[in-house]
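Protein chains in written order, with the working numbering: chain A, 3 to 154; chain B, 3 to 154.
What follows is a set of notes on a single structure, which appears directly below.
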């Protein structure tokens, strides 16, 4: 049975859910952002079946998150390289990281890994703000409205 | 067959994926953030089966994203109210919104809805920055490292 699709929903969150709700897909994107490009390496890192990994990578290529690029001739071999659209998904993963490290470990426990800036070596704590004003995007301060025709 | 679980993974992204990868769950959380509390209202909004909605709400309650609170005595009826932990998931949804509106509509098309601040009426464009410094959390500027014992 095909799941209910959300990819033509009117809500942007629902459209992303259509992709992220496929088991393994956020982790495939994550590993791609960490520099993995080859099918065998994704499979080794994730421990996922070849069939599922093939399906997930195909969708990511079809929808423009990755390019499938030949890197060897005989036999022909491909690697999977993030596009700009794929790389833009990092924002979502970064905030998932923050939520996870803050809320999904037992009291007194913490993940063994953390995000840091390469240059300053300071730890990174991702938060969400408005691009133009820098204001926190607090749920209580936000509403959803119909887009007016003047706002193209 | 039980899916591979990610909820005890060492990676914070994987732990969130364990929840978000359940079809419908991000949309249940979204609707809760929009103020929906009653089972029938979630079902009406989402068009999801009672069985799936029951399972999704149960997990959200079990894992502390929502409280199940009686609001009526005879017959007893409950509503589902986001906890602080549940509300904190808004950050993830806000960034999914931004990604979706930017990348998941055809050229020249846009969602019919947008996010705006209640007070200023300005449109909100969520972006991810580092909490302490306000620096963008660009993938190229970040690395993952082992947590050192001094950084509690």
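Virtual Cβ for every residue (Gly too), placed ideally from N, Cα, C.
None of the values given here were measured: they were computed from a predicted structure.
How about residue 140/B and residue 97/A: do their beta carbons lie closer than 8 Å? If you check the CB distance, residue 140/B and residue 97/A do not come in under 8 Å.
Name the DSSP bridge partner or partners of residue 118/A? 125/A, 145/B
Alpha-carbon spacing of residue 208/A relative to residue 133/A, whole angstroms: Residue coverage of chain A in this structure runs from 3 to 154, which leaves residue 208/A outside it and unanswerable.
Would you say residue 137/A and residue 115/B are within 8 Å of each other, going by their C-beta atoms? no
For a contact meaning CB atoms closer than 8 Å, what does residue 15/A contact in chain B? 28, 29, 32, 95, 98, 99, 102
Check residue 112/A in the structure and name its three-state DSSP category. For residue 112/A, the three-state secondary structure derived from DSSP is coil.
Quick check on this structure: which residue in 25/A, 11/A, 16/A, 125/A has the alpha carbon closest to the alpha carbon of residue 17/B? 25/A
Within 7 Å: the Cβ of residue 131/A and any heavy atom of the ligand SAM? Inclusion of the ligand SAM in the displayed structure is not the case, the ligand content being empty and no account of it being possible.
Within a Cβ cutoff of 7 Å, which residues of the same chain sit near residue 78/A, ignoring the five residues on either side of it in sequence? 72
Anything in chain A within Cβ reach of residue 111/B, meaning under 7 Å, just list it in chain order. Residues of chain A passing the Cβ test: none, with the nearest at roughly 11 Å.
Under 7 Å by beta carbon: chain B residues contacting residue 87/A: 105
Check the Cβ-Cβ distances between residue 68/A and every residue of chain B, and say whether any is below 8 Å. no
In whole angstroms, what separates the C-alpha of residue 83/B from that of residue 10/A? 28 Å
Answer yes or no: does any C-beta atom of chain B fall closer than 8 Å to that of residue 37/A? no
Contact with chain B by residue 141/A, beta-carbon distance below 8 Å: yes
For residue 99/B, which of 5/B, 130/B, 20/B, 87/B has the nearest alpha-carbon? 130/B
What are the uninterrupted segments assigned as alpha helix (DSSP H) that are 4 or more residues long and contained completely in the stretch 67 to 96 of chain B, given in chain order? 86 to 90
Per DSSP, residue 132/A forms a beta bridge with which residues? 128/B, per the DSSP bridge assignment.
Mind listing the chain B neighbours of residue 117/A? Cutoff is C-beta to C-beta under 7 Å, in chain order. 144, 146
With a threshold of 6 Å on Cβ separation, who are the neighbours of residue 5/B within its own chain once the five nearest residues in sequence on each side are excluded? none
If I follow the unbroken alpha helix (DSSP H) through residue 27/A, where does it start and stop? 27 to 35 is the extent of the alpha helix (DSSP H) around residue 27/A.
Tell me which residues share the same chain as residue 118/B and place their Cβ nearer than 8 Å to its Cβ, disregarding the 5 neighbours each side in the sequence. Within the same chain, and ignoring the five residues on either side of residue 118/B in sequence, the residues whose Cβ sits closer than 8 Å to its Cβ are 124, 125, 126.
Which value, in whole angstroms, describes the spacing of the CA atoms of residue 1/B and residue 81/B? Given a span of 3 to 154 for chain B in the structure shown, any question on residue 1/B remains unanswerable.
Since residue 63/B meets chain A, which of its residues come closer than 9 Å, beta carbon to beta carbon? Chain A residues near residue 63/B: none, gap ~15 Å exceeds 9 Å.
I'd like to confirm the pairing. Which residues does DSSP put opposite residue 138/B in its beta bridges? 131/B
With distances taken Cα to Cα, identify the nearest neighbour of residue 113/B among 7/A, 13/A, 102/A. 13/A
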